[in-house]
Amino acid sequence: MALTVVGSIAFDAVKTPFGERERMLGGAAVHFSLAASFFTEVRPVGPVGDDFGTEQFELLEARGIATSDVERVPGGQSFFWRGHYDFDLNVAHTDDTQLGVFGEFEPKLSDAAQAADTLFLANIQPDLQRQVRAQCGAAGFSGLDSMNLWIEIAKDSLLAAIAEVDCLVVNDAEIRMLTGESNLARAARAVMEMGPRAVVAKRGEYGAALFTEAGPDGGEQSFFALPGFPLEDVRDPTGAGDSFAGGFFGYLDGTGGDLDEANLRRAMGYGTVLASFNVEEFGTERVSRLQREEIDERFEALRRMTQFEALPASRG
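This note's numbering puts the sequence shown at residues 8 to 323.
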């Protein structure tokens with residue numbers, strides 16, 4: 008199996024109440040790829056400038072990430088974002104954005120990228136998302152992320168892009184904004200009426216919710232939710248949502264694209280786990296040295312934590 012992700016490859020400067028970094032590797036495609044790489048072959052597509060060098064490529068390639076579709080733009084500068092968080096780590100405050108080469112991004116996909124079994128369209132202009140989706144006809148499962156900006160200034164294009172994918176992955180406020188529905192369940196149903204068969208609502212430190220269309224028996228839409236994994240040390244939430252998406256789509260692709268309800272729920276678990284590791288340190292610091300054994304161990308801890316019935320008492 009193989010997974011293509013199209014989105015930003017960037018440098019971030021971040022300050023939180025628990026520390027700061029002046030320049031660190033970031034971008035949606037980077038965080039997504041690192042998380043997905045634990046489960047499948049992943050190929051990020053995005054532009055970088057001359058400031059993106061050997062060190063950054065080696066970090067990605069050390070995880071087995073195929074970097075041949077990363078477009079090097081001579082004389083350009085990579086996308087740069089500067090932001091800060093107060094004690095409410097669910098809210099990012101943007102202090103500076105420099106689009107650099109990302110401002111003129113026209114996705115160029117190799118034959119290998121176009122042939123991927125799974126496609127994820129990270130947060131980019133909706134018309135570009137549609138262009139990429141049209142090139143990737145082999146993808147049996149496709150997903151899309153977006154943001155409030157595109158809902159405000161390019162809603163018609165975004166609605167057209169959403170209609171062409173299988174799964175929408177955005178935060179809960181954006182689902183409500185997109186549909187005009189204050190109730191999340193009704194908003195998710197409205198999205199699925201646009202075309203997707205699944206909706207994932209990201210809820211920051213409070214976890215994520217999965218909505219899927221009614222089954223062949225014509226029953227109600229299926230709903231599943233997980234809390235965020237409880238952590239004692241959270242330093243930087245930047246990239247957590249993209250890490251969640253990487254874990255979710257990476258796991259699904261790695262299991263052969265099995266989209267039954269049980270597998271989707273396991274994918275939610277792995278997405279939650281990858282997001283939890285991401286926030287423990289700044290940028291890619293924690294995930295870049297993560298081991299699969301740690302992921303599976305935390306997945307089992309999450310499964311036990313969310314089991315509804317009490318576990319039987321151990322016998323002495």
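Backbone N, C-alpha and C fix where the C-beta goes; we use that ideal spot for every residue, glycine too.
Predicted, not measured: the structure shown is a model, and the values here were computed from it.
| Item | Value |
| --- | --- |
| So, using beta-carbon positions, are glycine 235 and glycine 214 closer together than 7 Å? | yes |
| Quick one: grab the DSSP three-state call for alanine 232. | strand |
| Out of Glu287, Gly263, Asp267 and Asp240, which has the shortest C-alpha to C-alpha gap to serine 250? | Glu287 |
| Do alanine 282 and alanine 129 have their CB atoms nearer than 7 Å? | no |
| Using only the alpha-carbon positions, how far apart do lysine 22 and arginine 30 sit? | 11 Å |
| Please state whether DSSP places arginine 193 in a helix, a strand or coil. | helix |
| With a threshold of 7 Å on Cβ separation, who are the neighbours of alanine 146 within its own chain once the five nearest residues in sequence on each side are excluded? | Ala123, Asp124, Thr125 and Leu126 |
| Along the chain, which unbroken stretches of the alpha helix (DSSP H) at least 4 residues long are found entirely within the region 151-213? | 155-160, 162-169, 179-186 and 191-201 |
| Just to confirm the assignment, what range does the beta strand (DSSP E) spanning arginine 79 have? | 77-79 |
| Could you give the distance in angstroms between the alpha-carbon of alanine 308 and the alpha-carbon of valine 12? | 29 Å |
| Note the first and the last residue of the continuous beta strand (DSSP E) segment covering threonine 104. | 100-105 |
| Rounding to the nearest angstrom, what Cα-Cα distance links arginine 272 and aspartate 19 in this structure? | 32 Å |
| Strictly by DSSP, which residues pair up with aspartate 19? | Met31 and Trp88 |
| What residues are listed by DSSP as bridge partners for alanine 146? | The partner list for alanine 146 (beta bridge, DSSP) is empty, contrary to what the question assumes. |
| List the endpoints of the continuous alpha helix (DSSP H) containing alanine 282. | 268-285 |
| Is it buried or exposed, lysine 162, if we count other Cβ atoms within 10 angstroms and call 16 or more buried? | exposed |
| Touching or not, the region 309-316 and the region 288-297, by the rule of three or more beta carbon pairs under 8 Å? | no |
| Which residues bound the beta strand (DSSP E) around leucine 217? | 215-219 |
| Which residues mark the beginning and the end of the alpha helix (DSSP H) in which glycine 253 is found? | 247-261 |
| Can you list, in chain order, the residues of its chain with a C-beta nearer than 7 Å to that of glycine 225? Leave out the 5 residues immediately preceding and following it. | Below a pLDDT of 50, predicted positions are generally treated as unreliable, and glycine 225, at 48, falls in that range; no measurement from the model is reported. |
| Check the DSSP bridge columns for phenylalanine 127 and list the partner residues they point to. | Val12 and Gly150 |
| Count the other CB atoms within 10 Å of the CB of valine 98; is the residue buried (16 or more) or exposed (fewer)? | exposed |
| Should glutamate 111 be labelled buried (16 or more other beta-carbon atoms within 10 Å of its own) or exposed? | exposed |
| Taking all protein chains shown into account, decide if phenylalanine 94 is buried (16 or more other Cβ within 10 angstroms of its Cβ) or exposed. | exposed |
| What three-state label does DSSP hand arginine 305 in the structure shown? | helix |
| Closer than 7 Å by C-beta to glycine 83: which residues in its own chain qualify, once you throw out the five before and the five after it? Chain order, please. | Gly56, Asp57, Gly107 and Val108 |
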